[in-house]
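Visitor: First the structure, then my questions, so here it is.
Numbering (my numbering), first residue to last: 1 to 483.
Printed below as a string of structure tokens:
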């Protein structure tokens, strides 16, 4: 398949092709595509196309820290054709000599024939350090600059938002990507669009934008007065104003999607988790070396490591479960913000289910979530399922473990499933997936696995994939699971 003589590495779906036709040669564009519709592929095909036309030599991708390495290790090689020579560098706050040399090579003027791809986490723009390097990169190259998950710059007062808006004009082509551009209020759109261009929405300041679309009331608190937002107005006008430079697609509209779409969200371990994980890994190796080797010994040690990666630790002395500072719960909250409609979240450990339920209630409201696991009273379980299956109910998020919620129930009001953690049991995984992918489901289903690179997470998924491949060989099926 070709578009303007560009040969794709893998054929795009029709909705991806339509999006490229609308946006490929636009200097400024917003890709408001729901999670699972392949925004990464669209961006990389667009960059590859412009590179081969001689219009760009550099691609700057700004993404949340947890997802940055996924661009480096998966997305670029998966979607960018092999014929395009590329030089990829990921931002490091502490520069080694090797990294410094790699950056200098990347900003050489004579780097023709190579697409230079600079990956920088959005959090780094809170300080001037990363900004200086990004500025040098953008000044050196005819560049495309893309902000992945652009709601990370929705706060116009944030330093990273201000810095990115200032850097934006240095790129000839600018893109914002998010599945859910409005996470709290229509005002979220302002700074995302302002990054593309100050002129797109027709307002030179956030307060002018707010005055147009928000209904406010003057409030007093002691000697302090402020404008409290009571509601919104003229939203049809706002919707019309963004149509010229954006495209919005949701899964329900994309009939060419396969029945199941798999994706991963990389979640970085916190320093506390890394320290505990390494200590426990050494202890596990000592145990396995000292004891009689058995499957039970191995599984016990792997489960302890998996608990740490997921965000908890059981004390050997007291048996008490300690919650570790982690990025995993926040990753789920971010995913839920990107998702329209309902979602099912599976976690292996009860502690994680409880932490997820607490965090989701704090973020989205008391009635937005219900947990369904061993401690859920029997007389409440069917009520929870029934309420979740009501299209208009406030219950949007169903948190469970595969042992309890992975069999015998129907959750087809959701078309998104997040695996906070996995077990080694392939049957449990397949059964869990089928809760949303069964009779009554008319939409493509998206499955998201949270993965901490270099940990037991990757080993579990590899193990499951190996079992699937064996099953395919025996049964003569073709199932592209996780690949």
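Even glycine gets a Cβ: it sits at the ideal position worked out from N, Cα and C.
Keep in mind the model is a prediction, meaning the values are calculated, not measured.
Does the stretch 28 to 43 touch the stretch 228 to 246, meaning 3 or more C-beta pairs lie closer than 8 Å?
Guide: Yes: at least three Cβ pairs fall under 8 Å.
Visitor: If we ignore side chains and look at the alpha-carbon of each, how far apart do residue 441 and residue 147 end up?
Guide: Position 441 of the chain shown, counted from the first residue, corresponds to residue 441. Position 147 of the chain shown, counted from the first residue, corresponds to residue 147. When rounded, the distance between both Cα atoms is 33 Å.
Visitor: Please report the straight-line C-alpha distance between residue 314 and residue 330, rounded to a whole angstrom.
Guide: Mapped onto the chain shown, residue 314 falls at position 314. Mapped onto the chain shown, residue 330 falls at position 330. Cα to Cα, residue 314 sits roughly 21 Å from residue 330.
Visitor: Are there 16 or more other CB atoms within 10 angstroms of the CB of residue 211, so buried, or fewer, so exposed?
Guide: As a first step, residue 211 is located in the chain shown; it is residue number 211 there, counting from the start. By the neighbour-count rule (16 or more Cβ atoms within 10 Å), residue 211 is not buried but exposed.
Visitor: Could you check what DSSP says for residue 475 in three-state terms: helix, strand or coil?
Guide: As a first step, residue 475 must be located in the chain shown, where it is residue number 475. Because the pLDDT at residue 475 is just 48, under 50, the model does not fix this residue reliably, and the point stays unresolved.
Visitor: Nearest-angstrom Cα distance between residue 51 and residue 420?
Guide: Against the chain shown, residue 51 aligns to sequence position 51. Against the chain shown, residue 420 aligns to sequence position 420. Between residue 51 and residue 420, the C-alpha separation is close to 37 Å.
Visitor: Quick one: using the 10 Å Cβ neighbour count with 16 as the cut-off for buried, is residue 180 buried or exposed?
Guide: As a working note, residue 180 is residue 180 in the chain shown. Residue 180 is buried by the Cβ-count criterion.
Visitor: Which residue from 98, 82, 93 puts its Cα closest to that of residue 7?
Guide: Position 7 of the chain shown, counting from 1, holds the residue named residue 7. Taking only the C-alpha atoms, the option nearest residue 7 is 82.
Visitor: Less than 8 Å between the beta carbons of residue 256 and residue 14, yes or no?
Guide: Here residue 256 corresponds to residue number 256 of the chain shown, with the count starting at 1. Here residue 14 corresponds to residue number 14 of the chain shown, with the count starting at 1. The answer is yes: Cβ separation under 8 Å.
Visitor: Check the DSSP bridge columns for residue 322 and list the partner residues they point to.
Guide: One-based indexing of the chain shown puts residue 322 at position 322. For residue 322, which the question treats as bridged, DSSP gives the partners 313.
Visitor: If you follow the beta strand (DSSP E) that residue 445 is part of, which residue opens it and which one closes it?
Guide: The residue given as residue 445 occupies position 445 in the chain shown. From DSSP, the beta strand (DSSP E) with residue 445 extends over 445 to 451.
Visitor: Measuring only the C-alpha atoms, how far is residue 475 from residue 451?
Guide: For this step, residue 475 is matched to residue 475 along the chain shown. For this step, residue 451 is matched to residue 451 along the chain shown. The predicted model places residue 475 with a pLDDT of 48, which falls under 50 and marks its position as unreliable, so this point remains unresolved.
Visitor: The beta strand (DSSP E) spanning residue 60 covers which residue range?
Guide: As a working mapping, residue 60 is identified with position 60 in the chain shown. Run containing residue 60: 58 to 63, per the beta strand (DSSP E) assignment.
Visitor: Below 8 Å on the Cβ atoms is my contact criterion, and I expect residue 260 with residue 445 to pass it. Report the Cβ-Cβ distance as a whole number of Å.
Guide: Against the chain shown, residue 260 aligns to sequence position 260. Against the chain shown, residue 445 aligns to sequence position 445. That pair is a contact at about 5 Å.
Visitor: Quick check on residue 18: does DSSP put it in helix, strand or coil?
Guide: Indexing the chain shown from 1 puts residue 18 at position 18. Three-state result, residue 18: helix.
Visitor: Give every residue of the same chain whose Cβ lies closer than 6 Å to the Cβ of residue 306, excluding the five residues on either side of it in the sequence, and list them in chain order.
Guide: Here residue 306 refers to the residue found at position 306 of the chain shown. Once the five neighbours on either side are set aside, the close Cβ partners of residue 306 are 456.
Visitor: Considering only the beta carbon of each residue, do residue 302 and residue 312 sit closer than 8 Å?
Guide: Position 302 of the chain shown holds residue 302. Position 312 of the chain shown holds residue 312. Cβ distance not < 8 Å, so residue 302 and residue 312 don't count as in contact.
Visitor: Tell me which residues share the same chain as residue 277 and place their Cβ nearer than 6 Å to its Cβ, disregarding the 5 neighbours each side in the sequence.
Guide: Working through the chain shown from its first residue, we reach residue 277 at position 277. Here the set comprises 308.
Visitor: Given the structure, does residue 448 come close to the ligand COA, in the sense that its CB is under 7 Å from one of the ligand's heavy atoms?
Guide: This structure simply doesn't include the ligand COA, nor any ligand for that matter.
Visitor: What residues match up with residue 36 in a beta bridge as DSSP calls it?
Guide: Along the chain shown, one-based indexing puts residue 36 at 36. According to DSSP, which records beta bridges pairwise, residue 36 is partnered with nothing at all.
Visitor: For residue 126, I'd like the list of residues in its chain whose CB is within less than 8 Å of its CB, leaving aside the five on either flank, ordered along the chain.
Guide: On the chain shown, residue 126 is found 126 positions in, with the first residue counted as 1. 158, 159, 160, 163.
Visitor: With a floor of 3 residues, list each beta strand (DSSP E) that falls wholly inside the stretch 406 to 440, ordered by position along the chain.
Guide: Correct list: 414 to 419.
Visitor: Touching or not, the stretch 390 to 406 and the stretch 424 to 443, by the rule of three or more beta carbon pairs under 8 Å?
Guide: Contact holds: three or more Cβ-Cβ distances are below 8 Å.
Visitor: What's the C-alpha gap between residue 63 and residue 175?
Guide: Numbered from 1 along the chain shown, position 63 holds the residue referred to as residue 63. Numbered from 1 along the chain shown, position 175 holds the residue referred to as residue 175. Distance between the alpha carbons of residue 63 and residue 175 is about 12 Å.
Visitor: Please state whether DSSP places residue 107 in a helix, a strand or coil.
Guide: By 1-based counting over the chain shown, the position of residue 107 is 107. Residue 107 falls in the coil class under three-state DSSP.
Visitor: Below 8 Å between beta carbons: does that hold for residue 266 and residue 335?
Guide: Within the chain shown, the letter at position 266 stands for residue 266. Within the chain shown, the letter at position 335 stands for residue 335. Cβ distance not < 8 Å, so residue 266 and residue 335 don't count as in contact.
Visitor: Which partner residues of residue 120 appear in the DSSP bridge assignment?
Guide: Here the question's residue 120 lines up with position 120 in the chain shown. Residue 120 pairs with 62.
Visitor: Could you have a look at residue 10 and say whether DSSP puts it in helix, strand or coil?
Guide: Within the chain shown, the letter at position 10 stands for residue 10. In the structure shown, residue 10 sits in coil (DSSP, three-state: anything other than H, G, I, E or B).
Visitor: Please look up how many angstroms separate the CB atoms of residue 435 and residue 410, rounded, as I've assumed it's under 8 Å.
Guide: Locating residue 435 in the chain shown gives position 435, counting from the first residue. Locating residue 410 in the chain shown gives position 410, counting from the first residue. Between residue 410 and residue 435 the Cβ distance is about 7 Å, and since that is below 8 Å, they are a contact.
Visitor: Which residues does DSSP list as the beta-bridge partners of residue 174?
Guide: Numbered from its first residue, the chain shown carries residue 174 at position 174. DSSP lists 28, 145 as partners of residue 174.
Visitor: Would you call residue 338 buried or exposed, if buried means 16 or more other Cβ atoms sit within 10 Å of its Cβ?
Guide: Here residue 338 corresponds to residue number 338 of the chain shown, with the count starting at 1. So residue 338 counts as buried.
Visitor: Look at the alpha carbon of residue 172 and the alpha carbon of residue 238, and state the distance between them as a whole number of angstroms.
Guide: Locating residue 172 in the chain shown gives position 172, where the first residue counts as 1. Locating residue 238 in the chain shown gives position 238, where the first residue counts as 1. The straight-line gap from Cα to Cα measures roughly 26 Å.
Visitor: Pick from 36, 26, 21, 3: whose alpha carbon is nearest that of residue 250?
Guide: As a first step, residue 250 must be located in the chain shown, where it is residue number 250. For the residues 36, 26, 21, 3, the minimum Cα distance to residue 250 belongs to 36.
Visitor: How about the stretch 100 to 119 and the stretch 134 to 148: do they share at least three Cβ pairs that are nearer than 8 Å?
Guide: Result yes; three or more Cβ-Cβ pairs closer than 8 Å.
Visitor: Please name the residue in 377, 379, 385, 369 whose C-alpha comes closest to that of residue 395.
Guide: The sequence position of residue 395 within the chain shown is 395, counting from 1. When only C-alpha atoms are compared, the closest one is 369.
Visitor: For residue 196, which residues from the same chain have a beta carbon less than 6 Å from its beta carbon, with the 5 sequence-adjacent residues on both sides left out?
Guide: By one-based count along the chain shown, residue 196 stands at place 196. The residues are 28, 174.
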